[in-house]
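K.L.:
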Amino acid sequence: MDACIALLGELNYLAVLAATLISMFLGALWYSPILFGNNWMKLMGFTEEQLKKEGSAKEMAVSVFTSFIEALMLASLILMTGTKTFFSGVHLGAMIGIGIIAMVNLSNAMFNRVPLKLWGINSGYRIVYYMINGGILAIW
């Protein structure tokens, strides 16, 4: 337990906050009509009017919270593994994004009959998020 507390004291919380903000910016871009927003809405069965009408304050709050925890855990793993270069951070992020998150999402997608295109959109966001933040957190 003392090692965990010591690790938390070593984290760069400004970098964790920056990684959280980066994930929110990337998510806004990823799920916008510029990139994958229209396909995502169609695959989810949503209309633009529905999303505007129903609002998303609760979802956004949860997203900020989970992004913060993800950044905190990624920063902890970077410290624990001694990852210190941008490209080694990107590599670690890719391993987590592809090897864990995308694979868990794929298994869930198969059992829940989620279209592979939707799995790709959602998992792709997490892979890119972890790669970018892995690189940034490693050098910060």
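In my numbering, the protein residues as written are 6 to 145.
Every residue, glycine too, gets a C-beta built ideally from N, C-alpha and C.
Is the beta carbon of S72 less than 8 Å from the beta carbon of S28?
P.N.:
yes
K.L.:
Looking at the structure shown, is R118 part of a helix, part of a strand, or coil, going by DSSP?
P.N.:
coil
K.L.:
Measure the Cβ-Cβ separation of L84 and L16 and say whether it is below 8 Å.
P.N.:
yes
K.L.:
For I141, count neighbouring C-beta atoms within 10 Å of its own C-beta (all shown protein chains included) and say buried if the count is 16 or more, exposed if not.
P.N.:
Result: buried.
K.L.:
How close, in whole Å, do the beta carbons of I126 and N43 come, if the pair is a contact with beta carbons under 8 Å?
P.N.:
11 Å between Cβ atoms; not a contact.
K.L.:
Look at the Cβ atom of G87, then the Cβ atom of R131, and state whether they are nearer than 8 Å.
P.N.:
no
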